[in-house]
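In the numbering used here, the protein residues as written are -15 to 201.
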């Protein structure tokens, strides 16, 4: 049985197929810039879903702001350990950027119980205490997006950007629309689709772009 065994070739072949299908099925689609093209194709690669050509939206230079925070050694805060685990740490380590997820922090359990809120919301309260530039990466919990926006409105949280791609039927589409409408740099997958894997893919696409830029220079 003949099949591709080398992981690099599998990845390359996947993107060749993605490129070919976009040209065939979406001939009029135009990417706004190289970075957004890279992000969208990475989201398609991880999900096998070409709907991300249409539903992944970038507001107020969201991709560029996330990239700048990564370059400057800021904080990436995820709502799930799955999203955190899916982010390639090697490049981030070289840049001095840290990832955080407070969902399993004992304090999050206590805050959630005391206030009658979700642990995802409690985790945002803990993340707000971090010093330095912060990007929130949400792939699962709509309540995390709502909490971020509420805390910004209340002057209790400083966030440079938000990647909001929670998946689901309850609050997912609504929370992402709220993020899309909010005056903050963001990347959002409008509608029900998304997930922690897509959230991680977006961050990986951005940091791979940084890596390529460094090597080219």
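Note that beta-carbon positions come from the ideal geometry of N, C-alpha and C, so glycine has one too. Note that this is a predicted model, so its numbers are computed, not measured.
From the options, residue whose alpha carbon lies closest to that of residue i
| i | options | result |
| --- | --- | --- |
| residue 154 | 124, 138 and 133 | 124 |
| residue 77 | 55, 143 and -3 | 55 |
| residue 142 | 66, 180, 108 and -14 | 108 |
| residue 182 | 147, 168 and 96 | 147 |
| residue 84 | 178, 68 and 168 | 68 |
| residue 126 | 57, 149 and -4 | 149 |
| residue 175 | 163, 158, 168 and 169 | 158 |
| residue 90 | 104, 80, 79 and 82 | 104 |
Residues near residue i by beta carbon distance below 8 Å, same chain, minus five either side
| i | result |
| --- | --- |
| residue -1 | 25 and 29 |
| residue 70 | 180, 181, 183, 184, 185 and 188 |
| residue 16 | 42 |
C-beta atoms of residue i and residue j nearer than 8 Å
| i | j | result |
| --- | --- | --- |
| residue 51 | residue 136 | no |
| residue 173 | residue 160 | yes |
| residue 53 | residue 119 | yes |
| residue 32 | residue 171 | no |
| residue 194 | residue 162 | no |
| residue 14 | residue 169 | no |
| residue -12 | residue -3 | yes |
| residue 122 | residue 60 | no |
Own chain residues within Cβ distance below 7 Å of residue i, not counting five before or after
| i | result |
| --- | --- |
| residue 95 | 106 and 109 |
6 Å CB neighbourhood of residue i in its chain, flanking five on each side removed
| i | result |
| --- | --- |
| residue 133 | 166 |
*Between the stretch 17 to 36 and the stretch 56 to 69, do at least 3 Cβ pairs fall closer than 8 Å?*
no
_Unbroken stretches of the beta strand (DSSP E), 3 residues or longer, contained in the stretch 25 to 95_ = 40 to 43, 59 to 62 and 82 to 84
*At which residue ranges does the stretch 160 to 190 contain complete alpha helix (DSSP H) runs of 4 or more residues, listed in the order of the chain?*
Unbroken alpha helix (DSSP H) runs of no fewer than 4 residues, entirely contained in the stretch 160 to 190, are not found.
*Scan the stretch 93 to 144 and note each continuous beta strand (DSSP E) run of 3 residues or more that stays entirely inside, going in chain order.*
118 to 122
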